[in-house]
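Order-wise, the sequence lines are chains Y and D.
The numbering of the first sequence is our numbering, which starts it at 1 and goes up by one.
The numbering of the second sequence is our numbering, which starts it at 1 and goes up by one.
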Amino acid sequence: GNSVTQMEGPVTLSEEAFLTINCTYTATGYPSLFWYVQYPGEGLQLLLKATKADDKGSNKGFEATYRKETTSFHLEKGSVQVSDSAVYFCALETSYDKVIFGPGTSLSVIP
Amino acid sequence: KAGVTQTPRYLIKTRGQQVTLSCSPISGHRSVSWYQQTPGQGLQFLFEYFSETQRNKGNFPGRFSGRQFSNSRSEMNVSTLELGDSALYLCASSLVTSGISNEQFFGPGTRLTVL
C-alpha cells in the first residue's frame with residue numbers, strides 16, 4: 001500500500017542554519033505530494049505541494065522537489081527562523097484514495 | 001472566506017460515555033476527513049466523507065463512526081469511550097476534483113480528554 005516515511009526528529013537548529021527534512025514515499029500511480037506544518041496549538045496548514053515529477057513547490061522560503069526516480073520530496077530552507085519552530089508533515093495522495101501523512105518531524109529553532 | 005470550524009474545542013468525558021464532535025467545512029468543500037492525533041501514534045486517519053457518503057476509512061474500531069449532512073457539515077461519534085481515546089481530533093475539508101483533494105484545510109481541532 002501507499003506510505004510515507006520521514007525523519008522523526010526532534011530536530012534542533014540554530015537560527016539561520018540550513019534545514020533539510022527527508023521524506024520518501026511508496027505509492028502506486030502518480031501521487032500528489034504535500035508538506036504541511038503544524039504550529040503549537042493549531043491545526044495543520046499546507047506549506048507547499050507538487051503534483052507531478054520534477055515539480056518544485058515553494059512557500060515562505062521552504063522548497064521541495066518531487067523526485068520520482070528516488071521517490072523523495074525532501075523539505076529544505078536555507079536559513080531558518082525561530083518562528084519556523086513547528087511540526088512538519090509530509091503527505092501524499094493518489095486519486096480516490098485517502099491522504100497519507102508521515103509521522104511528522106518536530107523542529108525547534110533556537111536563537 | 002471562513003475557515004474550517006470545529007466544536008467544541010475542548011471536551012472532558014469519563015470512560016464509557018459517548019461523545020459527538022462537529023465540523024463545518026469551508027463553503028463549497030464537499031469532502032471532510034477526520035484524523036486522530038496523539039503524541040504516541042501521530043496523525044491517524046479515521047474516515048473521509050464526500051457528498052454524504054463515506055469514501056475512505058482508516059483502521060479504527062466500530063466505536064468510531066461519522067456522518068455527513070447535505071450541507072457538508074460532518075459529525076463524528078465515539079461510543080463507550082476509553083482512556084486511549086484521549087487525543088486531538090482534527091477535521092479537514094477539501095475541494096475534490098477528479099478524485100484529488102489538492103489541498104486539505106484543517107480546523108483547530110477538538111481536544112478530547114477521557115478520565
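Yeah, the Cβ is synthetic: ideal placement off N, Cα and C, and Gly gets one too.
- Taking a Cβ-Cβ threshold of 9 Å, none of the residues of chain Y is close to P25 (chain D); the smallest such distance is about 13 Å.
- When DSSP states are grouped into helix, strand and coil, S51 (chain D) belongs to the coil group.
- According to the DSSP assignment, T113 (chain D) belongs to the beta strand (DSSP E) that extends over 110 to 114.
- The straight-line gap separating the alpha-carbon atoms of F106 (chain D) and G102 (chain Y) is approximately 16 Å.
- In the three-state reduction of the DSSP assignment, V82 (chain Y) falls in the helix class, which pools H, G and I.
- Segment contact: the region 36 to 56 of chain D against the region 1 to 9 of chain D, fewer than three CB-CB distances shorter than 8 Å; contact not assigned.
- Assignment of beta-bridge partners to T5 (chain Y) by DSSP yields Y:T24.
- Non-local beta-carbon contacts of R63 (chain D) in its own chain, meaning distances under 7 Å to residues more than five positions away in sequence, involve V78, S79, T80 in chain order.
- Ranked by Cα distance from S51 (chain D), the first of D:F69, D:L115, D:P25 is D:F69.
- Taking all protein chains in view, the Cβ of T14 (chain D) is surrounded by fewer than 16 other Cβ atoms within 10 Å, so the residue is classified as exposed.
- Judged by DSSP secondary structure, R67 (chain D) falls within the beta strand (DSSP E) whose first and last residues are 64 to 68.
- From the beta-carbon of L90 (chain D), the residues of chain Y found nearer than 8 Å are G43, L44.
- Residues of chain Y with a Cβ closer than 7 Å to the Cβ of L95 (chain D) do not exist; the shortest Cβ-Cβ separation is about 13 Å.
- When Cβ pairs closer than 8 Å are counted between the two stretches, the region 17 to 33 of chain Y is seen to touch the region 87 to 97 of chain Y, the count reaching three or more.
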